[in-house]
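Residue numbers (the numbering used here), protein chains in the order written: chain A, 421 to 489; chain B, 1318 to 1765. In this text, a Cβ means the ideal position worked out from N, Cα and C, and glycines have one as well.
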Amino acid sequence: MSQYDERSDLVKGNNNRNKIKLTSLFEEENKEVNLDKLRLRKEGQYKIPKELYGIIAEILTFIHQLDGE
Amino acid sequence: MGIDKIAGAGIAGRSFAPTQIEREPVPVAQRRVTFTGSRIRGEPQVVKEKPPKPEDLAKKLIQRKDEIPTGRFQIKAGPDGKVSIKLLNISPSINFQRVSMNDLMGLLGKLNLPLSGENMSLAKELLLFNLSLTKETMQDVKMALSFLPRRTADDLSAAVFMKLKGINITPENAKSIQTLFADKPQLGEQMAKLGKMLNYFSNSRLSDAVINSLLSQLVGLAGEMMAKPQKGKKKLRENVQEWAGEVEMESKEGGKLRGTLGKLKSKMENKLAALPEWIEPDEESAWEEAYILLDELYDNLEAQALINKSISGEGEEFYYIQLPLSLRGGETVTVHIKIYTDLVEGYKKGINMDNLTMEFSVETERLGRLDGRVELCGRKVSLEFIAQERTRRLIENKFKLLEKALEGVGYRVNSFKIRALQTEEDFSSYLIKKEFSPDKLASVDVTI
């Protein structure tokens, strides 16, 4: 019995007054991709703040210090 | 390897523009030249093919059996009597352990797809990585597979990864992603080899002025960009930013390094096709190996760029960047970094620094494998390291240095822990593991 079927059975335990809609992995997923954000990102509208590079630099320095011990 | 083979079939399966060279292949001992110093080593050596890994999908399924499935649900009740139950969090075991062969056959039957071994493997892999099993997804992954120029054990993961990340399925993109999965390239080591390569070719009697000039430019750029903490924090930050540009985290259309590399690759292709007949086998091997190195370096940067270009600000996406780090003992290593975040609007338009997770992984001769996780929440930072016992003690002793340094850039360490390194996951799992998205597992709408 599949995961899908088992879940259906569990829900079937309720009475028939219940109207059940079950979506799962095995059904078509309406995946919405935010195309607008993707386009804007490609155009360079979403910046990477310099402070992120600062944090990465600190991590690299720490690895360097550890290795140098 | 004879030149005929290079021109016709490509080096190690890589394709060149077909060039007709009429010459009988000359049988020579198979040699592998390694750029390990000023003088090449050309000892005859049998190049062993990596043994293909056994199909491990079934293993992945079996491994999950021991875990106890748990889940967290969110129940919302509306005034109209509609109740929705959303599965928010689930242990990995619940997801696929009950999917049997019969289930898969049923699912494929539902899609009117043949119950072939290929379709079954593909369907399992898609479900393992939480992709919906539809005809379209199956076709896309099959198309990606058909574009992979070599046959490797990681092909299926590479093809599924392309679909997961929304990377355009083209032959060029497939080749780059396959290189990343199959060859597990390390930018640090590639950069170190580049320097040795330049040294060799500048002294070669077949020296080519254009190639040498491009190679010098490339090595110069790479040297400038190499992360060397001893040169100061400002320079280091700039280095990181330059690499981010090269792999399009910064939305540039490639950087200087990739541009030079592209030109050099094309010149090398022409050079290889026109190598003279009297060339020594060692020298021929050196040119071949140089080309392979440049090609893999290009594909490595391209694959990182493809991953970063696919970020749309939705779901569990990540930026991925490799940084070459020069250590005190002269070793150059690669720090792999993944950054999970979302994109925010408003005056801070960009990646969300208030809610960001960064994972890094590095392996050095002295430290062994060292993994880490940095979580930013506002100005607070949580740190976690996973290291071998000896390195654990070093981290504990040196941790104050990192804490102070982070304070210097405006972050306060909120929590800090170190875990022992248990098992080392392979590179494919490193890239792909986070793609499980529990909140998309299932939802149930109940109307009472």
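Pair within 7 angstroms by beta-carbon distance, residue i and residue j
i	j	result
G1667 of chain B	K470 of chain A	no
V1679 of chain B	L1687 of chain B	yes
V1557 of chain B	A1622 of chain B	no
L1574 of chain B	L1538 of chain B	yes
K1715 of chain B	Q485 of chain A	yes
V1536 of chain B	G1505 of chain B	no
D1471 of chain B	F1498 of chain B	yes
K1697 of chain B	R1736 of chain B	no
R1709 of chain B	G474 of chain A	no
A1491 of chain B	L1473 of chain B	no
A1461 of chain B	L1450 of chain B	no
I1656 of chain B	M1670 of chain B	no
Q1534 of chain B	T1469 of chain B	no
P1598 of chain B	M1508 of chain B	no
S1493 of chain B	A1620 of chain B	yes
DSSP state of residue i mapped onto helix, strand, coil
i	result
V1557 of chain B	helix
D487 of chain A	helix
P1598 of chain B	helix
L1523 of chain B	coil
L1700 of chain B	strand
K1365 of chain B	Caution applies to K1365 of chain B, whose pLDDT of 44 falls short of 50 and renders its modelled position unreliable; the model cannot decide the point.
F482 of chain A	helix
R1575 of chain B	helix
V1652 of chain B	strand
A1544 of chain B	strand
V1564 of chain B	coil
G1647 of chain B	coil
A1539 of chain B	helix
Y473 of chain A	helix
S1449 of chain B	coil
N1587 of chain B	helix
Q1534 of chain B	helix
N1485 of chain B	coil
L1592 of chain B	coil
Q1503 of chain B	coil
L1430 of chain B	coil
D1612 of chain B	helix
G1512 of chain B	helix
Span of the alpha helix (DSSP H) around residue i
i	result
T1496 of chain B	P1488 to D1500
S1463 of chain B	K1452 to F1464
N1714 of chain B	E1706 to G1725
E1435 of chain B	G1434 to L1445
M1479 of chain B	D1472 to K1482
N1419 of chain B	M1418 to K1427
Residue i - containing beta strand (DSSP E), residue span
i	result
R1686 of chain B	G1685 to C1694
Q1639 of chain B	F1635 to S1643
I1628 of chain B	Looking at the DSSP string, I1628 of chain B is not in any beta strand (DSSP E), and its letter there is neither H nor E.
DSSP beta-bridge partners of residue i
i	result
T1674 of chain B	B:Y1657 and B:E1692
G1667 of chain B	A:K467 and B:V1661
K1734 of chain B	B:E1701
R1729 of chain B	B:K1697
T1681 of chain B	B:G1685
Min CB distance residue i to chain E below 7 angstroms
i	result
E1619 of chain B	No chain E is present in this structure, whose protein chains are A and B.
| field | Interface residues of the stretch 1543 to 1577 of chain B facing chain A [CB-CB below 7 angstroms] | value | Against chain A - using a Cβ distance shorter than 7 angstroms - the residues of the stretch 1543 to 1577 of chain B are A1544, P1546, K1550, L1553, R1554, V1557, Q1558, A1561, M1566, E1567 and S1568.
| query | Taking any Cβ of chain A, which residues in the stretch 1677 to 1691 of chain B have a Cβ under 9 angstroms from it, in chain order? | reply | Within the stretch 1677 to 1691 of chain B, the residues whose Cβ lies closer than 9 angstroms to some Cβ of chain A are F1677, V1679, T1681, E1682, R1683, L1684, L1687, G1689 and V1691, listed in chain order.
| query | Taking Cβ-Cβ distances below 9 angstroms as the criterion, which residues of the stretch 1722 to 1734 of chain B are in contact with chain A? | reply | Of all residues in the stretch 1722 to 1734 of chain B, only A1722, L1723, G1725, V1726, G1727 and Y1728 come within less than 9 angstroms of chain A when Cβ atoms are compared, listed by chain position.
| said: At a CB distance below 7 angstroms, what residues from the stretch 1649 to 1664 of chain B approach chain A? Give them in sequence order. | reply: For the stretch 1649 to 1664 of chain B, which is checked against every Cβ of chain A, the residues closer than 7 angstroms are V1652, I1654 and L1660.
| field | chain A contacts from the stretch 1710 to 1721 of chain B (Cβ-Cβ distance under 7 angstroms) | value | Sequence-ordered contacts of the stretch 1710 to 1721 of chain B with chain A read L1711, I1712, K1715, L1718 and L1719 [C-beta pairs closer than 7 angstroms].
| said: Any C-beta of chain A within less than 9 angstroms: which residues of the stretch 1465 to 1493 of chain B qualify? | reply: Within the stretch 1465 to 1493 of chain B, G1483 place their CB atoms closer than 9 angstroms to a CB of chain A, listed in sequence order.
| message | Any C-beta of chain A within less than 8 angstroms: which residues of the stretch 1503 to 1536 of chain B qualify? | response | Result list empty, no residue passes.
| request: Anything in the stretch 1634 to 1648 of chain B with a Cβ closer than 9 angstroms to a Cβ of chain A? List those residues in chain order, please. | output: Look at the stretch 1634 to 1648 of chain B: the residues with a C-beta under 9 angstroms from a C-beta of chain A are Y1636, I1638, L1640, L1642, S1643, L1644, R1645, G1646 and E1648.
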